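Worksheet: one structure, shown below.
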Amino acid sequence: MFNDEQLERYSRQLMVDELDLAGQEALAAARVLIAGCGGLANPAALYLAGAGVGRLVLADDDRVEVSNLHRQVAFRGGQVNQFKAEALRDQLQQLNPEVDVRAAVVRVDDAWLEVAVAEATLVLDCTDNFVTRQAINRACVRYRKPLVSGAAIRMDGQLAVFDLRAPEAPCYACVYGEGTDGDLACNQAGIVGPVVGTVGTLQALAAIRVLSGAQLGGKLHLFDGRSLDWRQVTLRQDPGCAVCGTNHDGE
Ligand SMILES: [Zn+2]
């Protein structure tokens with residue numbers, strides 16, 4: 019149950035039927051892993067901490083750079099050179115001390131994910147490279163955890179929920195294959211702040227919806243920051259997928 023201060027803090031979202039007290043309790047009980055602490059994770063983590071998710075684990079081994087500040091909106095100029103995971107944790111704790119925030123200054127790899135994903139209720143992929151994205155997907159398939167995947171480059175954004183609790187759900191590799199080539203990082207291609215912020219914000223919303231019991235998933239949402247248009251593509255499980263295919267055959 020929530021005390022008076024908590025009820026006041028969350029009062030405006032508690033009024034919303036889709037969340038309600040049951041949804042708030044589900045958020046408080048949840049443990050969300052946020053992989054990557056850059057332009058997607060910054061707004062996502064701010065909203066999830068504000069909303070009262072019980073525990074947030076923030077993973078990144080990079081440091082804040084001046085060139086990050088135009089889009090990584092949780093960071094302040096005085097935090098340049100700090101580890102992103104720790105800088106983000108400090109901002110979230112100021113926003114909402116109720117939330118248990120853990121900073122993990124680690125390279126997100128298979129071994130680390132093995133434990134971190136197993137312990138998570140839901141995972142946000144806010145990373146910027148295919149090797150890590152594939153590793154996160156494999157762990158989420160193995161432990162059947164909902165995965166909210168975001169990406170943005172230049173003026174384009176992508177968002178997809180892979181609710182891997184459902185046996186028929188497509189996974190990241192069903193859509194993108196198992197390739198790890200073709201990385202186009204923001205430091206080479208560029209990115210406009212509100213484009214990545216839009217996707218990160220919607221990752222937080224998707225997480226709140228899934229944690230409060232909604233059935234999401236099966237769609238890729240494509241955002242065009244030039245026209246502000248959204249486009250939806252329906253996703254299906256690939257029976258030949260090397261990641262989730264064998265898993266769903268019951269091994
Ligand atoms: Zn798959």
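Here the sequence shown stands for residues 19 to 269, where the numbers follow our numbering.
Built from N, CA and C at the ideal position, the CB exists for glycine as well.
Only a predicted model underlies this, so the values are computations on that prediction, with no experimental measurement involved.
### Message
Looking at residue 271: is its Cβ nearer than 8 Å to the Cβ of residue 74?
### Response
Not covered by the structure: residue 271. The range shown for the chain is 19 to 269.
### Task
Put residue 85 into one of helix, strand or coil per three-state DSSP.
Correct three-state label for residue 85: helix.
### Task
Could you name the residues of the same chain whose beta carbon sits closer than 6 Å to that of residue 136, not counting the 5 residues immediately before and after it, in chain order?
161
### Start and end residues, alpha helix (DSSP H) containing residue 213
Unbroken alpha helix (DSSP H) run through residue 213: 211-229.
### Message
Under 5 Å, CB to any heavy atom of ligand 3. Which residues pass, going along the chain?
### Response
By its list of ligands, the structure shown excludes ligand 3, since it contains just ligand 1.
### Query
So, are the CB atoms of residue 211 and residue 89 less than 8 Å apart?
yes
#### Entry: C-alpha gap between residue 176 and residue 224, whole angstroms
13 Å
#### Entry: Buried/exposed call for residue 269, threshold 16 Cβ in 10 Å
Since pLDDT at residue 269 reaches only 43, below the 50 mark, its modelled position is unreliable, and the value read off the structure follows with that caveat. Exposed, by the Cβ-count rule.
### Task
Give, in chain order, every unbroken run of the alpha helix (DSSP H) that is at least 4 residues long and sits entirely within the segment 61-131.
102-113
### Task
Starting from residue 29, trace the alpha helix (DSSP H) both ways and give me its first and last residue.
29-32
### Task
Under 6 Å Cβ to Cβ from residue 57, same chain only, skipping five residues before and after it: list those, please.
89, 90, 214
### Query
DSSP three-state call for residue 198: helix, strand or coil?
coil
### Query
Can you round the beta-carbon distance between residue 216 and residue 65 to whole angstroms, since I take them to be within the 8 Å contact cut?
For residue 216 against residue 65, the beta-carbon gap comes to about 12 Å, at or over 8 Å, which does not count as contact.
### Query
Which residue from 52, 182, 42 puts its Cα closest to that of residue 125?
52
### C-beta contact flag for residue 70 and residue 42 at 8 Å
If you check the CB distance, residue 70 and residue 42 come in under 8 Å.
### Query
Going by beta carbon distance, what residues of the same chain come within less than 6 Å of residue 270, once the five residues before and after it are set aside?
Absent from the structure is residue 270, since the part of the chain shown begins at 19 and ends at 269.
### Message
Can you tell me whether residue 258 is helix, strand or coil according to DSSP?
### Response
coil
### Query
Going straight from the alpha carbon of residue 263 to that of residue 32, what length do you get?
39 Å
### Message
Going residue by residue through the segment 127-164, where are the continuous beta strand (DSSP E) segments of at least 3 residues, counting only ones entirely within it?
### Response
140-143
### Message
Between 123, 131, 117, which has its C-alpha nearest residue 158's C-alpha?
### Response
131
### Message
Can you tell me whether residue 151 is buried or exposed? The criterion is at least 16 other CB atoms within 10 Å of its CB, across all chains shown.
### Response
Per the 10 Å Cβ criterion, buried.
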